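Q: Below are the structure tokens for one structure; questions will follow.
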């Protein structure tokens, strides 16, 4: 009430959405409608990691299934809320598993729609029980390029400043056209992500690469915009 329409709640991901619905004992459809009615406009696609059942059986067997994830996103879209597609690479996933993730995302967009953008970021192995190595920026850029070609039905491809820092902006040369500047993310920070709060210095990087940087709001779905 204090800030009115000047502040929008842009925090929940599909992961938290599924948890809340399950804890409340209500359907995804009812959960989405309740959140919409309280003023939520967006539920982002976080929590997808790699959307194949084999990958999830190896690393997240007690977590929601791939079917659960897309059922939740369908309910979010059908309630009138906006959502996004996400992906995390650099675990032990195979190339086939990466491609299956993109295919499932593309199929969902063709059938249901509602995915405003696609964001891929990289696994950080530091301080984690899983360990492993971090993939190179070049591998990340090449995957962004492939994603831009594969997901030609998703309007925006975002690059991850959170996990790639200044290197993220090179992905603009590989097909990305969108990014955000993180202020805090405890999960990835604990795994080794470094967040630079000098936002102007960060914005100077794409400008040096020859890009015009434009600010845009996280747009509200048209059906939920006050008239």
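Numbering (my numbering), first residue to last: 1 to 227.
Ideal Cβ placement from N, Cα and C applies to all residues, glycine included.
Every value quoted in this text rests on a predicted model; they were computed, and no experiment measured them.
Who are the Cβ neighbours of residue 36 in its own chain at under 8 Å, not counting the five residues just before and after it?
A: Only 79, 80, 81, 224 meet the Cβ criterion.
Q: In its own chain, which residues sit with a C-beta less than 6 Å from the C-beta of residue 85, not counting the 5 before and 5 after it?
A: The residues are 45, 105, 115, 118.
Q: Which residue marks the beginning of the beta strand (DSSP E) containing residue 116, and which one marks its end?
A: 115 to 122 is the extent of the beta strand (DSSP E) around residue 116.
Q: Taking C-beta to C-beta, are residue 43 and residue 12 nearer than 8 Å?
A: Contact flag set, yes.
Q: Looking only at its chain, what residues have a beta carbon closer than 7 Å to the beta carbon of residue 131, apart from the 5 residues adjacent to it on each side?
A: Hits under 7 Å: 125.
Q: Between residue 164 and residue 137, how many whole angstroms is the CB-CB distance? I'm expecting something under 8 Å.
A: About 6 Å separates the two Cβ atoms, so the contact holds.
Q: My understanding is that residue 157 touches residue 147, with C-beta atoms under 8 Å, so please give their C-beta distance in whole angstroms.
A: Residue 157 to residue 147, Cβ: 6 Å. Contact.
Q: Thinking just about the alpha-carbon of each residue, which of 161, 70, 145 is nearest to the one in residue 112?
A: If we check each option's Cα against that of residue 112, 70 comes out closest.
Q: In three-state terms, what does DSSP make of residue 227?
A: Low local confidence applies: a pLDDT of 35 at residue 227 is under 50, so the model's placement there is unreliable, with the coordinate-based value given in what follows. Correct three-state label for residue 227: coil.
Q: For residue 29, which beta-bridge partners are listed by DSSP?
A: For residue 29, which the question treats as bridged, DSSP gives no partner whatsoever.
Q: Let me confirm a value: residue 88 is counted as buried when at least 16 other C-beta atoms fall within 10 Å, else exposed. Which label applies?
A: Residue 88 should be labelled buried.
Q: Suppose you measure from the CA of residue 33 to the CA of residue 108; what does that come to, to the nearest Å?
A: Distance between the alpha carbons of residue 33 and residue 108 is about 20 Å.
Q: Going straight from the alpha carbon of residue 154 to that of residue 128, what length do you get?
A: One C-alpha to the other measures close to 32 Å.
Q: Can you give me the Cβ contacts of residue 176 inside the same chain, cut-off strictly under 6 Å, excluding the 5 residues immediately before and after it?
A: So the qualifying residues of the chain are 144, 157, 159.
Q: Kindly list the residues whose CB is nearer than 7 Å to the CB of residue 231, restricted to its own chain and excluding five residues on each side of it in sequence; keep chain order.
A: Not covered by the structure: residue 231. The range shown for the chain is 1 to 227.
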